[in-house]
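Report on the following structure.
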Amino acid sequence: MRFHLYTDKLPKERIWKEAMALSNLNPALQVAIIATTIDADGQEHAVGVVRFARATSNDTEAEVAVVVRDDIQRNGLARRLLGILAEKARQMGITHFTGWVLAENVRLMKLIEKLKLPVESEIRYGQRKIRIPLT
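And the structure:
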């Protein structure tokens with residue numbers, strides 16, 4: 000679900016459809032890794048997720064996404080999750096991650112730099128298209 004803008008009036012049907020698409024993965028095409036934490040009451044809470052999706056099982060490129068809860072950000076979680084995801088992608092024959100980032104999202108670009116992988120990027124219509132080789 001990529002909106003790149005605040006959306007507070009989505010119909011419930013759309014939210015449900017997107018949630019089902021994100022949670023029902025085809026393991027040959029999609030991988031998601033969820034980070035959780037346990038609070039003082041013993042309740043488990045999701046604090047971050049990374050995922051990739053490719054169109055066919057023969058594709059060597061996959062679109063990648065990362066989300067970390069606001070109060071957990073800037074602690075290295077996204078970088079660790081992306082590292083784990085990249086290793087899984089390599090095992091599945093994926094050689095590049097691709098993605099779209101808002102052009103002004105400097106924090107995400109700094110995160111990508113910390114991965115110490117060469118990044119190809121170009122800005123189109125206020126969005127930065129990135130391509131990251133995993134080798």
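Numbering-wise, the sequence shown is residues 0 to 134 according to numbering that gives the first Met the number 0. Glycine is no exception: its CB is placed at the ideal position from the N, C-alpha and C atoms. Bear in mind the structure is a predicted one, so any value in this text is a computation, not a measurement.
Using a Cβ-Cβ cutoff of less than 8 Å, which residues in the same chain neighbour residue i once the five nearest sequence positions on both sides are dropped?
i, result
"residue 26", "none"
"residue 130", "60, 95, 96, 97, 118, 119, 120"
"residue 32", "48, 49, 50, 80, 83, 84, 87"
"residue 76", "34, 46, 47, 67"
Could you pull out every residue in the same chain whose Cβ sits closer than 7 Å to the Cβ of residue i, ignoring the five residues on either side in sequence?
i, result
"residue 92", "59"
"residue 89", "133"
"residue 52", "28, 29, 61, 62"
For residue i, which residues does DSSP report across the bridge?
i, result
"residue 15", "Answer is none; residue 15 lacks a bridge partner."
"residue 32", "49"
"residue 72", "Beta-bridge pairing links residue 72 to no other residue."
"residue 132", "95"
Can you tell me which of the options puts its alpha carbon nearest to the alpha carbon of residue i?
i, options, result
"residue 109", "73, 32, 132, 84", "73"
"residue 125", "40, 7, 62, 102", "102"
"residue 100", "71, 64, 78", "64"
"residue 57", "44, 41, 28, 70", "28"
"residue 36", "71, 19, 11, 22", "71"
"residue 54", "69, 24, 42", "24"
"residue 104", "128, 114, 116, 115", "128"
"residue 114", "78, 19, 106", "78"
Suppose the cutoff is 6 Å on Cβ atoms and the five residues either side in sequence are ignored; what does the same chain contact list for residue i look like?
i, result
"residue 9", "none"
"residue 221", "This structure leaves residue 221 out entirely; the chain is present only between 0 and 134."
"residue 111", "118"
"residue 43", "35, 37"
"residue 0", "Unreliable placement is indicated for residue 0, whose pLDDT of 43 sits below 50; no coordinate value is reported for it."
"residue 107", "100"
"residue 116", "131"
So does residue i have its beta carbon nearer than 7 Å to some heavy atom of the ligand FMN?
i, result
"residue 125", "The ligand FMN is absent from the structure shown, which contains no ligands of any kind."
Counting only runs of 4+ residues fully inside the region 88 to 115, write out the alpha helix (DSSP H) ranges in chain order. 105 to 113
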